[in-house]
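These notes are about the structure you will find just below.
There are 2 protein chains.
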Amino acid sequence: MSTHHYYQLQGYFRELIELKTLKSGSKLPSEREIGEQFKLTRVTVRQALQNLEAEGLIYRQNRKGWFVTPPAVVYNPSSHLSFNLYVTEQGFVPHTEKLMQQIEPANAYIAQLMNIPEHAPVLYLHRRRYINQRPVLIEKMYINTRLLPGIEKEDLTQSLSQLLKNNYQREYRDMDLVFKSTSLPSSAADDLGISAGQPGLHIERINYTADKQVLEVDYEFWRHDAVTINIAIRD
Amino acid sequence: MSTHHYYQLQGYFRELIELKTLKSGSKLPSEREIGEQFKLTRVTVRQALQNLEAEGLIYRQNRKGWFVTPPAVVYNPSSHLSFNLYVTEQGFVPHTEKLMQQIEPANAYIAQLMNIPEHAPVLYLHRRRYINQRPVLIEKMYINTRLLPGIEKEDLTQSLSQLLKNNYQREYRDMDLVFKSTSLPSSAADDLGISAGQPGLHIERINYTADKQVLEVDYEFWRHDAVTINIAIRD
DNA sequence: TAACCAATCTGGTCTATACCAGTTTAAATC
DNA sequence: GATTTAAACTGGTATAGACCAGATTGGTTA
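Following this line, the structure appears as structure tokens:
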């Protein structure tokens, strides 16, 4: 319990982080250095670090080191604010990168949702989004090109909600959301530079137009420590 | 990557679970047995098991063994269904245990929310909830006794929404929700029989009456593999 | 039959060590 | 000064072994 070595080490770093002796984003000493300082093996040090990672206090970059987790951004789906907007409003710097884009035939699930024939073309978009230089979110989405003709020719690193508003006079309205706390699939983990198996937050979102048509189906994989979900339910 | 021993072992068990050769709730061989069978050390075996745990496929019971995770229950806060109801509807067996109950003075945050003087009495209730015998959820809540006089004398293992409806002609309506994927605090982990540091889902909920008064402030800690959140946003 | 107890089994924690694969750094070279 | 290259450093993976504490089991005793 409280006397275990890894537990004490967790407490040590937790305090340093809470007192801001270790500041947000700063690097921890290497696992070997910590082990030397506390006369512990790397196995024990890593157990403590992994627990702090699960707590969301620190995170790692592959073969670079361990870092203090920056504050999480608050994501409020019902506000209908774009990623860029709510991240900026909370004092962070957003950035979006397009990893892949292609027109592809809709699978059965997507086709049914969008009320289009199976194999009808939809736009697949794969993006990585950053907060303060840190990759926090992988997005894979299917966009209903029937409702948004020519959208594949636009700059798809920008905010989609802006694009919809400006070019198509459409806005996000109703949405269905599914949240699941689980480890990141290896493809998403790779894209985020995380070792596979790290905990993450999976969000599946279906966006509807004002007239109840499916505009977009979105699969998001967040670093678990990067986001807090905030929802108000009003009947 | 894919050639790593732990990774292959994960694949092995993932397949057994998906094919239902290993059935929901059943026990895996002991870490030592697995190690012997695959000529791996316990460290490696444990890494694979811990990854599968993060994935939500298996879970452990302290010093008892590893078990296949049962299907997650879907929790839809906007449906206003009670725990007992939605768990039952999905074919599981719910059970609630009261761990602690006491009248205590409201702290500043609670008092402000409930619009009562600081230190005014509120009912603190601490419960553990089970799905099919498995503890999945720790609830700590503060109940506004001004709106619900005498509630502390009722049977508080039952559904609160039922109690409110039957005895007070009140119903849950609006609510504010905050979700965060993080490791369970040690108190909650102990209550769930989980080793501290395991990932979990933390939900903070504020329940309002129809006339916008705060009925209850609720802190929930879920096993991360036991629940999926489902929300429909309709403006 | 019921209660107890000891052996055994389980995961939990920990030491010591090794090699690998990317990253960073600093020296050597152009 | 800019570029290349090699050494040093980082976390990632893995072996081998040890002891602990709670859970289970089966036999012994009352």
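Protein sequence lines correspond, in order, to chains D and E. Here my numbering runs 26 ahead of the position in the first sequence, where the first position is 1. Here my numbering runs 26 ahead of the position in the second sequence, where the first position is 1. Where is the CB? At the ideal position from N, CA and C, for every residue including glycine. Computed from a prediction, not measured in an experiment: that's the story for all the values here.
Assignment of beta-bridge partners to residue 247 (chain E) by DSSP yields E:164, E:228. Sixteen is the threshold: when 16 or more other Cβ atoms of the shown chains lie within 10 Å of the Cβ of residue 120 (chain E), as they do, the residue is buried. Counting along the chain, residue 207 (chain E) sits inside the beta strand (DSSP E) bounded by residues 201 to 209. Taking 7 Å as the cut-off, the Cβ atoms of residue 94 (chain D) and residue 45 (chain D) do not count as close. In this structure residue 50 (chain D) touches residue 97 (chain D) by the C-beta definition: roughly 7 Å separates them, less than 8 Å. Residues of chain E whose Cβ lies closer than 7 Å to the Cβ of residue 206 (chain D) are, in chain order, 254. Between residue 147 (chain D) and residue 154 (chain D), the gap from beta carbon to beta carbon reaches 7 Å or more. The continuous stretches of alpha helix (DSSP H) do not include residue 123 (chain D), which lies in the beta strand (DSSP E) extending over residues 120 to 131. The three-state reading of DSSP puts residue 61 (chain D) in helix, counting H, G and I together. Between the region 219 to 230 of chain D and the region 131 to 148 of chain D there are fewer than three inter-stretch CB-CB distances shorter than 8 Å, so the stretches are not counted as touching. The Cβ atoms of residue 243 (chain D) and residue 168 (chain D) lie closer than 7 Å to each other.
Residue 199 (chain D) sits away from residue 245 (chain D), with the two beta carbons spaced by 7 Å or more. Listed along chain D, the residues sitting closer than 8 Å to residue 201 (chain E) by beta-carbon distance are 258, 259. Among the residues facing chain E, residue 91 (chain D) is not included, as its CB has no counterpart in that chain under 7 Å away.
At a cut-off of 7 Å between beta carbons, residue 250 (chain E) contacts chain D. The beta carbon of residue 67 (chain D) is closer than 8 Å to those of 61 in its chain, skipping five residues each way along the sequence. In the DSSP assignment, residue 85 (chain E) is bridged to E:93. Taken through DSSP and simplified to helix, strand or coil, residue 238 (chain E) comes out as coil. The alpha-carbon separation between residue 170 (chain E) and residue 241 (chain E) amounts to approximately 5 Å. For residue 209 (chain E), the closest Cβ of chain D is nearer than 7 Å.
For the region 69 to 82 of chain E, the set of residues with a beta-carbon nearer than 8 Å to any beta-carbon of chain D comprises 69, 76, 77, 80, 81, 82, in chain order. For residue 225 (chain D), the nearest beta carbon of chain E is closer than 7 Å to its own beta carbon. Under the three-state reduction of DSSP, residue 114 (chain D) is assigned to helix. Taking 7 Å as the CB threshold, residue 104 (chain E) lines the interface with chain D. When rounded, the separation of the alpha-carbon atoms in residue 100 (chain E) and residue 75 (chain E) is 25 Å. Only residues of its own chain outside the window of five on either side were considered, and among them 98, 100 have a CB closer than 6 Å to the CB of residue 254 (chain E), listed in chain order. Following the DSSP letters along the chain, one finds residue 32 (chain D) inside the alpha helix (DSSP H) bounded by residues 31 to 44. The alpha carbon of residue 247 (chain D) has as its nearest neighbour, out of D:258, D:256, D:152, the alpha carbon of D:152.
A distance of 7 Å or more separates the beta carbons of residue 213 (chain D) and residue 80 (chain E).
Counting only the Cα atoms, residue 85 (chain D) lies some 26 Å from residue 108 (chain D). Take the alpha-carbon of residue 90 (chain D) and the one of residue 211 (chain D): they are about 22 Å apart. With distances taken between CA atoms, residue 118 (chain E) lies nearest to E:252 out of E:252, E:259, E:257.
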